[in-house]
Amino acid sequence: MSALISGPHTHAPTSVSIVMGHVILALIPATAYGVYLFGYPALFLVILCIVSAMAAEAISLFLLNKPIRPFLLDGSAALTGLLIALTLPPWAPWWIAVVGCSFAIIIGKHVFGGIGQNIFNPAMLARVMLLIAFPLEMTTWVIPHPLFSPTALSFSDSLNITFGSGIANLDAVSSASLLGYIKTELTLGKTIPEIMQHANYDPLTSFIGMKNGSLGETSGILLLLGGIYLLAMRIISWHIPVAMLTALIAIPTLFHLMNPDRYVGADYHILNGGAMIAAFFFATDYVTSPSTKTGKLIFGAGVGSVEYLIRTWGSFPEGVGFAILLMNALTPLIDHYVRPRIYGRTYLGKPIESPIKSDSK
Amino acid sequence: MKLFNFHKPIVGGVHPIARKAESNALPINVMPMPKRLYVPVQQHSGNPAVPEVDVGDRVWKGQLLAHGQGNISAPIHSPTSGTVIAITPHTAPHPSGLPILTIVIESDGEDRWLDNVMPIDPFGMSAEQMIDKVGQAGIVGMGGATFPAVVKLRLSRRSKVHTFIINGGECEPYMTCDDRLMRERPEQIVDSIRIVLHATQVERALIGIEDNKPEAIAAMRLACRHRADIKVVAVPALYPMGSAQHLIKTLMGVEVPSDGRSADVGALVHNIGTVYAIHKAVRFGQPLVSRVITVSGGVVKQPRNIEVPIGTLLSDVFEFAGGFEQAPARVVMGGPMMGYVVPDLNVPVVKGTSGILALTAKEVSEQQPMPCIRCGSCVDACPCGLLPLQMAAHIRSDKLDKATEFGLVDCIACGCCSYVCPSHIPLVQYFNYAKSELADQQRAIHKNEETKKLVELRKQRLDREAAEKAAAIAKRKADAARKKTEKAS
């Protein structure tokens, strides 16, 4: 039977676990920065998320009678866990991590049929579920408490935050995110210039990431570096991030120019919330994004536009999760209609005209 | 999208690890004549050749062993002088590994050509005669397609072909036989190009060579420097540049219509090996009885290019190349991208064998397939603009019509998609399976229609016979009645 093996008899040095490994590697700077910025609770969350995602994966595989080892070690569950951790408020309690990761793996992935079969990005699905189910825990944004700094948490306080009853003065050390703050103030009838006077916003600091926010979403520059690494390693293509960020720059700029009192500029949208991590790590999820270049451009632009729509006129300050899930749902449709042109055929699939008529026909 | 692709003549494609340095440094060696040669009667696409010799016959090198039958076929000649010791089914160098009729020759060690094989002046012949020579020599596409060369030459003469493309792409990893031919025998190749241009009345020739073969490019440029109508073009080293459709796109900027062939865009494409064989046939009257092949792979002690008589068993060739360092994990005929696994080493080298590879498990790097993660690498790699992942999904759920709608018939089985797949899904295997299923279905439909036609014809015949019978009986009756009345009167 060996004779019926088709070529190729050689293979590019790649595998699912190598791909997942590169993505995890690309997230390490942002993760490390998050741990530095928010202390041990952040570290606990990262470990908890990865462990519970992998445990949920192992249990699901066992219940579904699928081979456990190859799937557990392909890195996809660990990556889902890490991604969820990065979107969580850094001092979120342990059960948020466990519930979110179990939900992502069991409901978001295995109910659909396992790796490659899910319609929605499991990590995004978990984040949105948590946001709706536990709005208080999911919007408690602590101000940075960098490790080794005077404000750093003690180890026992950290344990208490993640696994115990929390600390007494949580309100004193947390504040609204910039996006949330602007949204609230706008509803009070203030103009953007008025709001910004008290917002304590500096684009550069924001880009570096010294601010409150989700565990791994604060540092735009480290996420950008991770994204560039993935681009350089050809793990992702430029189409989705570029289309998404272009939409998220062009549309706000347009509105800002029309009415600067009501609409913030593009830099706020790019540098705050989950825009950067979404552009490079969530929207580019293979399984849930289109597989053609044109499809990817449509998808990316869609995510950017919907994100802006929700942030600006929706009831949530941050809309990137919903934007991605919505575009995830549209992906099968995009993939059905957007196909590349086949060699020797027109875009409509008809054979191209022969430039000369030969006698052979 | 074109804006970002202007430096890339074809969409998709991959850069597989070249592994050409293993075999391209040494000159072509000539293989000593093995004791026995196994010459299959089918070494070309089309109808098998029909043996003209019997067991026990004395044959000379170049003597006709089997003649072609039908329009698409090719004759087979004896690769050496000796005796026909058997005409028997033998394992064929074909993906199926099934046996086909093979003429076995025992060499007499003299390697004597048939008397009428001698140098001729091709330009003293008519164009028709030149083309006939190519047909009589049994030359087929030696890049692996094995389509009879004469058919393409005739077609080019009849139709409005204006460009003769010489395919020096040789994009398959490991393969360097065309490279060595171009470096060592450029004059002969240019001579052959002149012959083809003359015979087909085609205006110009373009020699497309991948830019990873600078020595070959230089040698060919030097050899054709006095010919304004022959041009060497360095093309980017990008698999599958050696695919005729993609080389045409690169050199001429046009695409072959999906329902057409090269001639429809005015191109005639021949591989370097084929062109060299045409030179030997038309200049020297030598039929195609040997070819240069690349012998390489991780377990081969002395990888190199060898001129091998057609019909030499792989075991003999590998032995000449120093043997194996360890047992090969896979032995492949052709390149690693599109070649096929041979069942054992008792398979002969045939006209379409561009190389034989004995690979280590590491080189093959086979892994357990994982589910598709929809990464789209296959879409980016496909040089035909297909969506391999979608096609595979439809084939997996047995929806062949859907897979066809996604362009299954436009797949050239180049293997780019399988090569890049991180899940190690054997996509080409899926497509080959689906194509053969489709062919079976079409054959079944055809058979059904033919059966219907036959039944209809039979019915007509029976009706006719019944009518004739009835008429005959009526006539007999009438005759009898008439006789009766005649008698009575």
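Chains A and B, in that order, give the protein sequences. Following my numbering, the numbering of the first sequence begins with 1 at its first residue and continues without gaps. Following my numbering, the numbering of the second sequence begins with 1 at its first residue and continues without gaps. Cβ coordinates follow ideal geometry from the N, Cα and C atoms, glycine included. Just so it is clear, the structure is predicted and the values come from calculations on it, not from any experiment.
Other residues of its chain near residue i: CB distance less than 7 Å, five sequence neighbours each side excluded
| i | result |
| --- | --- |
| Ile235(A) | Val19, His22, Val23 |
| Ala403(B) | Met391, His394, Ile395, Ala434 |
| Ser156(B) | Thr200, Val202, Ala263, Leu268 |
| Gly344(A) | Pro351, Ile352 |
| Tyr391(A) | Past the boundaries of the shown model lies residue 391(A); chain A is included only from 1 to 361, so the question cannot be answered. |
| Ala358(B) | Gly297, Val299, Val300, Phe318, Phe324, Pro328, Val331 |
| Thr205(A) | Lys211 |
| Leu98(B) | Ala92 |
| Ala219(B) | Met182, Arg183, Pro186 |
Beta-carbon proximity check, residue i vs residue j, cutoff 7 Å
| i | j | result |
| --- | --- | --- |
| Tyr239(B) | Cys171(B) | yes |
| Val299(B) | Pro328(B) | yes |
| His67(B) | Ala49(B) | yes |
| Thr80(A) | Pro122(A) | yes |
| Pro173(B) | Pro336(B) | yes |
| Ala77(A) | Glu57(A) | yes |
| Val317(B) | Val308(B) | yes |
| Ser219(A) | Ala30(A) | yes |
| Leu153(A) | Gly39(A) | yes |
| Val117(B) | Ile195(B) | no |
| Asn212(B) | Ala237(B) | yes |
| Ile317(A) | Ala279(A) | Ile is not the amino acid found at residue 317(A); the sequence shown has Pro there. No. |
| Thr83(B) | Met33(B) | no |
| Gly322(B) | Gln302(B) | yes |
| Ile278(B) | Val150(B) | no |
| Ile189(B) | Leu153(B) | no |
| Ala92(A) | Ala126(A) | no |
Residues of its chain near residue i, where Cβ-Cβ distance is below 8 Å and the 5 sequence neighbours each way are ignored
| i | result |
| --- | --- |
| Phe62(A) | Ile68 |
| Lys2(B) | Below a pLDDT of 50, predicted positions are generally treated as unreliable, and Lys2(B), at 41, falls in that range; no measurement from the model is reported. |
| Asn5(B) | At Asn5(B) the pLDDT is 42, less than 50, meaning the model places this residue with poor confidence; the figure from the coordinates comes in the next sentence. Result list for Asn5(B): Val11, in chain order. |
| Pro338(A) | Looking at the sequence itself, residue 338(A) is Val, so the reference to Pro does not match. Cβ neighbours of Val338(A) beyond the five flanking positions: Pro290, Thr292, Thr294, Gly295, Ile298. |
| Ala329(A) | Ile119, Phe120 |
Distance between beta carbons of residue j and residue i, contact taken as under 8 Å
| i | j | result |
| --- | --- | --- |
| Thr88(B) | Val104(B) | 7 Å |
| Gly138(B) | Leu288(B) | 5 Å |
| Lys35(B) | Trp113(B) | Wrong, their Cβ atoms sit about 19 Å apart, outside the cutoff. |
| Cys372(B) | Gly116(A) | 5 Å |
| Leu224(A) | Met276(A) | 6 Å |
| Leu368(A) | Gly304(A) | Look at the range of chain A in this structure, 1 to 361, and you will see that residue 368(A) is not part of it. |
| Ile193(B) | Lys231(B) | At roughly 11 Å, the Cβ-Cβ gap does not stay under 8 Å, so Ile193(B) and Lys231(B) are not in contact. |
| Trp94(A) | Phe207(A) | Actually they are not in contact, since the Cβ atoms of Trp94(A) and Phe207(A) sit about 31 Å apart, beyond 8 Å. |
| Thr274(B) | Gly141(B) | 6 Å |
| Thr294(B) | Ser45(B) | Contact flag wrong, Cβ pair sits at about 22 Å. |
Neighbourhood of residue i by C-beta distance below 6 Å, restricted to the same chain and skipping five residues each side
| i | result |
| --- | --- |
| Ala216(B) | Asp179, Met182, Arg183, Ile209 |
| Val362(A) | Missing from the structure shown is residue 362(A); chain A here goes from 1 to 361 and no further. |
| Arg311(A) | Gly319 |
| Pro8(A) | none |
| Ala514(B) | In this structure chain B extends from 1 to 489, so residue 514(B) is not present and cannot be described. |
| Arg19(B) | Pro173, Tyr174 |
| Phe44(A) | Thr162 |
Counting Cβ pairs closer than 8 Å, one from the region 145-162 of chain A and one from the region 311-325 of chain A, do we hit at least three? no
Would you call the region 161-176 of chain B in contact with the region 309-319 of chain B, where contact means no fewer than 3 C-beta pairs closer than 8 Å? The region 161-176 of chain B, when compared against the region 309-319 of chain B, does not touch it at the 8 Å Cβ threshold.
So if I threshold CB-CB distances at 8 Å, which residues from the region 101-125 of chain A count as touching chain B? Gly114, Ile115, Gly116, Gln117
Determine contact between the region 163-173 of chain A and the region 184-198 of chain A, defined as no fewer than three beta-carbon pairs at a distance below 8 Å. no
Listed in chain order, which residues of the region 3-25 of chain A have Cβ atoms closer than 8 Å to some Cβ of chain B? Ala3, Leu4, Ile5, Ser6, Gly7, Pro8, His9, Thr10, His11, Ala12, Pro13, Thr14, Ser15, Val16, Ile18, Val19
Per the contact definition of three or more C-beta pairs closer than 8 Å, is the region 287-296 of chain A in contact with the region 251-270 of chain A? No, the region 251-270 of chain A is not in contact with the region 287-296 of chain A.
Return the residues of the region 71-84 of chain A that lie within a Cβ-Cβ distance of less than 7 Å from chain B, sorted by chain order. Answer set for the region 71-84 of chain A: Asp74.
So if I threshold CB-CB distances at 7 Å, which residues from the region 190-218 of chain B count as touching chain A? Listed by position, the residues of the region 190-218 of chain B near chain A (Cβ gap below 7 Å) amount to none.
What residues from the region 154-166 of chain B come within 7 Å of chain A, judged by C-beta to C-beta, listed N to C? Leu155, Arg158, Ser159, Lys160
Of all the residues that make up the region 424-452 of chain B, which are near chain A by a beta-carbon distance shorter than 8 Å? His424, Pro426, Val428, Gln429, Asn432
Contact between the region 115-132 of chain A and the region 191-201 of chain A: three or more CB pairs below 8 Å? no
Taking Cβ-Cβ distances below 9 Å as the criterion, which residues of the region 337-355 of chain A are in contact with chain B? Arg339, Pro340, Arg341, Ile342, Tyr343, Gly344, Arg345, Gly349, Lys350, Pro351, Ile352, Glu353, Ser354, Pro355
May I ask you to list, following chain order, the residues of the region 220-233 of chain A that have a beta carbon less than 8 Å from some beta carbon of chain B? If the cut-off is 8 Å between Cβ atoms, the region 220-233 of chain A has nothing near chain B.
Given 8 Å as the limit, is there contact between the region 106-116 of chain A and the region 134-152 of chain A, that is, 3 or more CB pairs closer than that? no
Got a sec: which bits of the region 355-377 of chain B sit with their beta carbon under 9 Å from any beta carbon on chain A, in order along the chain? Residues of the region 355-377 of chain B with a C-beta atom less than 9 Å from some C-beta of chain A are Leu357, Leu359, Glu363, Val364, Ser365, Glu366, Gln367, Gln368, Met370, Pro371, Cys372, Ile373, Arg374, Cys375, Gly376, Ser377, listed in chain order.
Give the residues from the region 389-400 of chain B that approach chain A closer than 8 Å (Cβ to any Cβ), ordered along the chain. If you check each beta-carbon in the region 389-400 of chain B against every beta-carbon of chain A, the ones closer than 8 Å belong to Leu389, Gln390.
Which of the residues in the region 255-267 of chain B, read from start to end, lie with their CB under 9 Å from any CB of chain A? Glu255, Val256, Pro257, Ser258, Asp259, Gly260, Arg261, Ala263, Asp264, Val265, Gly266
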